[in-house]
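Plus 145 on top of the position in the sequence shown (first one is 1) and you've got the working numbering. So the structure is just underneath, and the comments pick up after that.
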Amino acid sequence: MKRWIWIGAVAMLGLLSLGAVARIQSADRGPAMRERFGHRGEARMMSLLDNERIRAALGLTDEQSNRLRQILVESQKSSLKLRADLGVRRIELRELMRVEKPDRDAVMKKVQEISDLRGQMMKQRVDSLLASKTILTPEQQQKIRSFMHRGGREGFGGRRSFERRPPRDPMGPGGPAAPPSPGESPNE
146 MKRWIWIGAV AMLGLLSLGA VARIQSADRG PAMRERFGHR GEARMMSLLD NERIRAALGL
206 TDEQSNRLRQ ILVESQKSSL KLRADLGVRR IELRELMRVE KPDRDAVMKK VQEISDLRGQ
266 MMKQRVDSLL ASKTILTPEQ QQKIRSFMHR GGREGFGGRR SFERRPPRDP MGPGGPAAPP
326 SPGESPNE
C-alpha cells in the first residue's frame, strides 16, 4: 500500500512538471490523440489531491492541497486557452500552405506565431511547477525526489514490489516437473 502512496505522490508532482512536454507534443497530433492522452494527467492530478493517503504520506496540509489545486486549475484554464489558440493558428497555417504558391512571408509569420504559443505553454507549465515547489517543504520535495530517483521501483521499505509476494509457479499446481539439470538425462 505504501508503494501506491509514493507512486501517487510522484505522479502528482511529476504531472505538474512533465505535463508541459506532453501537452506541447500533443499539439502535433490530431484532436482524438490529444483527447485520449493530453488531458488525462490533469484529471488524475486532481484525483491525487483528493486522496487522503497520498496527502498523508507527503504530509500535505489542507492549505497546501488547496493551494496546489488553485495552481492546477489556473494552469488548466490557461492551457486550454493556449491550446485553442494553437489549434486556430495550425488551421490557418494549413490553409496558407494549400495554395499552389504560398506566400513565404505569411507562412513564416504563422510559423512564428505557433512557435510563440508553444513557448508560452512551456513557460506556463514551468511557472506552475515553480509555484508548486514553493508550496512544498524541502522534506516533501525530498520525499518525492527520493522516490523518483529510485524510479518508483521501491516502496517505503526499500524492497521491490515483487519481493513482497511469494514467487508464483507459472505452471500452477500439478504442473510439469522441473527440467533436468545440465548433464542429467531427462529419463533419470
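Just so it is clear, CB atoms sit at the ideal spot from N, CA and C, and this is done for glycine as well.
Residue i (DSSP reduced to helix, strand or coil)
i: E219; result: helix
i: D261; result: helix
i: N211; result: helix
i: E245; result: coil
i: L205; result: coil
i: L238; result: helix
i: L275; result: helix
i: D195; result: coil
i: L334; result: Any answer about residue 334 is impossible in this case: the structure gives the chain only from 146 up to 333.
i: R228; result: helix
Cα-Cα separation, residue i to residue j
i: V218; j: P247; result: 40 Å
i: G204; j: Q287; result: 12 Å
i: K254; j: R235; result: 12 Å
i: N196; j: Q257; result: 42 Å
i: H294; j: Q285; result: 14 Å
i: V233; j: R249; result: 19 Å
i: L194; j: L231; result: 29 Å
i: R243; j: G264; result: 26 Å
i: P283; j: A202; result: 14 Å
i: K222; j: Q269; result: 11 Å
i: V271; j: S260; result: 17 Å
i: I289; j: T206; result: 16 Å
i: S291; j: E245; result: 56 Å
i: E208; j: K278; result: 14 Å
Cβ-Cβ distance between residue i and residue j below 8 Å
i: L262; j: L238; result: no
i: A276; j: I216; result: yes
i: I280; j: R212; result: yes
i: S273; j: S210; result: no
CB-CB length for residue i against residue j, believed under 8 Å
i: L241; j: A251; result: 6 Å
i: S224; j: M266; result: 7 Å
Contact with chain D by residue i, beta-carbon distance below 8 Å
i: K222; result: This model lacks chain D altogether; it includes just one protein chain.
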